[in-house]
Amino acid sequence: MKKSLPEGKQPVLVLGSKEDSMLPDIRPVHIYAANAAALKAKPYRELNPDVQLTCVVSGKTVLEEYFQNVIREAKPNRLITKNPCPYPLEELFPEFMNNGVRMERMKRKDSYILQHALFGRRTYWAEWLKLTSLQKIKHPGRAVRIVYNLVKEKYPTGASSGLFCVIKALSEYPGHPIVMSGISLQGGGHFDQVDYFTSSRGKIDRYLFRSLPDHVKKNLFTVDSLMTENGGVQPADVTPLNHKFEYNSDT
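As numbered in our numbering, the sequence shown has no gaps in its residue numbers, which increase by one up to the final residue, 1017.
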């Protein structure tokens, strides 16, 4: 049964890249978007130019030209790499320095602390879960890196960019209703047909998400039935946004 958003505090919107996800008709105070999903924020910012947009990417993804172009087109207020990036973001996006865009390269330790606050020990064990994936077994170099991070650095950061957006929203807007669109904790295609969320990645996100305390999860809402099925998130009683989002494949 769908549930109305509580009144009193403005909702926060979290956008993932799952294809065919509805954009909810809400007026968010802040939008957190993973990777190319930052483009989906456009209709909300056209309706309210003051809404804040935070774009979250991995330290590896941000090096790809396609995603750099997406980020530039999205014009976020803040850009975060959820794990270390080998280059300063100021070098990758020099134009942002004059536009007031906040750029944060998170250290593994800081990312781990943020995830551990919500997921506890599962933050650590999720990294071992990666080793059970056939995809990782076929790439021994990745497996070695995973073990190294666990044994040497001791700061695993298992959450995907989409789930990390949820983590940031929960930590920065406690008590606010957080509406998710395009996040399902399950493998599948992306709306831009450029990237793909693997089943093994979805398995790790489900493992982490299911450890969320009930008092935290009560603030989460979704417009995707798969998120209700996989994560037990209450479906939001909202209508589709009457302001079309059109993806330009030339990005």
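Just so it is clear, CB atoms sit at the ideal spot from N, CA and C, and this is done for glycine as well.
Distances from the CA of L978 to each of I797, E830 and L884 were compared; the closest alpha carbon is that of L884. Less than 8 Å separates the beta-carbon of R871 from that of C851. Remark: fewer than three beta-carbon pairs, one from each stretch, lie closer than 8 Å, so the region 977-994 and the region 804-821 are not flagged as touching.
In this structure, the straight-line span from the alpha carbon of K875 to that of E856 is close to 21 Å. Under the DSSP assignment, T994 falls in the alpha helix (DSSP H) whose first and last residues are S991 to G997. When DSSP states are grouped into helix, strand and coil, Y810 belongs to the helix group. In this structure, L781 places its C-beta atom within 8 Å of the C-beta atom of G948. The beta-carbon separation of H796 and T820, rounded to 7 Å, stays under the 8 Å limit for a contact. With distances taken between CA atoms, S991 lies nearest to D786 out of K969, D786, L936 and T847. In its chain, beyond the 5 residues on either side, V822, V823, S824, G825, M872, S877, T923, A925, S927 and F930 have a beta carbon closer than 8 Å to the beta carbon of K848. In the structure shown, the three-state DSSP call for V836 is helix. Here P790 has L779, V945, S947, V989, A1002, V1004, T1005, P1006 and L1007 as same chain residues with Cβ atoms under 8 Å from its own Cβ, once five neighbours each way along the sequence are excluded. Residue burial is scored here from C-beta neighbours: G941 has fewer than 16 other C-beta atoms within 10 angstroms and is therefore classed as exposed. Given a length threshold of 4 residues, each whole run of the alpha helix (DSSP H) inside the region 776-826 is given here in chain order: 808-813. Secondary structure of S966 (DSSP, three-state): helix. Counting the other CB atoms within 10 Å of its CB gives R967 a total of 16 or more, which places it among the buried residues. Following the DSSP letters along the chain, one finds I879 inside the alpha helix (DSSP H) bounded by residues R874 to F885. Here the alpha carbon of N985 sits roughly 14 Å from the alpha carbon of K768.
Going by beta carbons, A803 and S783 fall inside the 8 Å limit. In this structure, the CA atom of M869 is about 10 Å from the CA atom of P842. Using a 10 angstroms sphere on the CB of M993, the tally of other CB atoms reaches 16 or more, which defines it as buried. Rounded to the nearest angstrom, the gap between the Cα atoms of S950 and F833 is 21 Å. Contact between Q818 and R793 is absent: CB atoms are separated by about 13 Å, not below the 8 Å threshold. Scanning N801, P854 and M788 for the CA closest to the CA of P809 turns up M788.
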